[in-house]
Amino acid sequence: MSKLNYNHLYYFYAVAKDGSISKASDRLHLTPQTISGQISSFETQIGSELFERKGKRLYLSEMGRLIYEYADEIFQLGDELKNVLKTQQHSTWQKFHVGITDVIPKILTCQLLQPVLAMAGPIKLICHEGEQESLLADLAIDKLDMIISDQPLPPSSQVKAYNHNLTESGFTFFAPPSLAKSCKKNFPESLSGQPFLLQGKRSVIRQSLLAWFEQHNIIPQIVAEFDDSAMLKSFAQAGYGIFIGPTIIEKNIVSQYNVIAIGNTETIKDNYYAISPERRLKHPAVLEIFNALDNSSN
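Under the numbering used here, residues 94 to 391 are what the sequence shown spells out, in order.
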């Protein structure tokens, strides 16, 4: 392959970021034909298509997604360089890349990571969300400093990494105001027949909850299942059903989603882990997270 043409790369990056050639052309003040021609030349150079065209929309191909990841890093560094040249000061910001499995509640993630942004030194927190398997792949090639997950690293994993217990929590049952009064009385038997919003199959807690229902002879009416915990809570906020969430963020859930805590259990517990590439924690941001958790438990 001949030398990489960074103009080609930049036009591809602009289209991928904006989602269409027309939007990129408006922003860059170029004609759509110019940008389209640059991308075609880039595709010819690398011997692979970068986009899949479905109707009027463009979707990144597998090769396109790979190149976009590199382009994003390249042009972010370019922006940092422009800032250094403008201010004549070297950037002292330390980046902290955290992978977060997509089943972790967003409120809990925010609570766990708040100490990082309160650190004395300048640090830039960069969060990446995804499935544990893909995040572990990024950890293996040093693209992440830590992963937050509700599952420990499996013994069969080929990735050299280590589990560190972050915290654990029991669970609280939440209901919209329209259901709370009838469900709070005679809890948990009152849950039978009530509309319930269940975590998706990727959630570790799902099976424990279903076993808890069976143990207490409770048969709720499961009206929906969600992989995304924030979407689940949004449906509860709209009045569609009851759900469970970690007790450690009970106050946040009640305040943010206008729901009512109707009962809790310590029988169902969830553990949260930090997965790091080192057995002994060294990264200052990781240490800050664990120090904050130690202080809050004392």
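Even glycine gets a Cβ: it sits at the ideal position worked out from N, Cα and C.
Query, Result
"Are three or more beta carbon pairs between the stretch 262-271 and the stretch 351-370 nearer than 8 angstroms?", "yes"
"Out of Pro-313, Leu-178 and Leu-159, which has the shortest C-alpha to C-alpha gap to Glu-142?", "Leu-159"
"Where Asp-320 and Tyr-333 are concerned, what is the direct C-alpha to C-alpha distance, given to the nearest angstrom?", "16 angstroms"
"Buried or exposed for Leu-290, please, with buried defined as at least 16 other CB atoms from any protein chain shown within 10 angstroms of its CB.", "buried"
"Here's a check: name, in chain order, each residue in its chain whose Cβ is nearer than 7 angstroms to the Cβ of Gln-131, leaving out the five neighbours to either side.", "Asn-100, His-101 and Tyr-104"
"Among Met-212, Pro-313 and Glu-173, which has the Cα closest to the Cα of Ala-378?", "Met-212"
"Have a look at Met-324, Glu-222 and Leu-246 and flag the residue whose alpha-carbon is nearest the alpha-carbon of Ala-367.", "Leu-246"
"Bridge partners of Asp-363, per DSSP?", "Ser-262"
"Counting along the chain, where does the beta strand (DSSP E) carrying Arg-299 start and finish?", "It is not in any beta strand (DSSP E) - Arg-299 instead sits in the alpha helix (DSSP H) that spans 298-308."
"Are Ala-109 and Tyr-161 touching if we call contact CB-CB under 8 angstroms?", "yes"
"Between the Cα of Gln-244 and the Cα atoms of Ile-200, His-257 and Leu-121, which residue gives the shortest distance?", "His-257"
"Between the Cα of Lys-149 and the Cα atoms of Gly-112, Asp-119, Asn-388 and Val-191, which residue gives the shortest distance?", "Gly-112"
"Could you check if Tyr-365 is buried or exposed, using at least 16 other CB atoms within 10 Å of its CB as the buried criterion?", "buried"
"With H, G and I counted as helix, E and B as strand and the rest as coil, what does DSSP make of Pro-339?", "strand"
"Tell me the residue span of the beta strand (DSSP E) that contains Pro-288.", "288-292"
"Assuming Cys-63 and Ile-193 are in contact, meaning their beta carbons sit under 8 angstroms apart, how far apart are those beta carbons, in whole angstroms?", "Absent from the structure is residue 63, since the part of the chain shown begins at 94 and ends at 391."
"Strictly by DSSP, which residues pair up with Leu-358?", "Residue identity check: residue 358 is Thr in the sequence provided, not Leu. According to DSSP, which records beta bridges pairwise, Thr-358 is partnered with Phe-264."
"Is the separation between the beta-carbon of Gln-187 and that of Pro-215 shorter than 8 angstroms?", "yes"
"Give the C-beta separation of Gln-314 and Gly-286 to the nearest angstrom, bearing in mind that I take them to be a contact with Cβ-Cβ under 8 angstroms.", "6 angstroms"
"Name the DSSP beta bridge partners of His-221, please?", "Gly-192"
"For Gly-356, which of His-376, Glu-282 and Asn-388 has the nearest alpha-carbon?", "Glu-282"
"Please check the pair Asn-98 and Gln-138, which I expect to be a contact at CB under 8 angstroms, by giving their CB distance rounded to whole angstroms.", "7 angstroms"
"Among Cys-276, Arg-295, Leu-121 and Lys-278, which one has its Cα closest to the Cα of Glu-224?", "Arg-295"
"Starting from Phe-144, trace the beta strand (DSSP E) both ways and give me its first and last residue.", "144-147"
"Helix or strand or just coil, what does DSSP make of Ser-129?", "helix"
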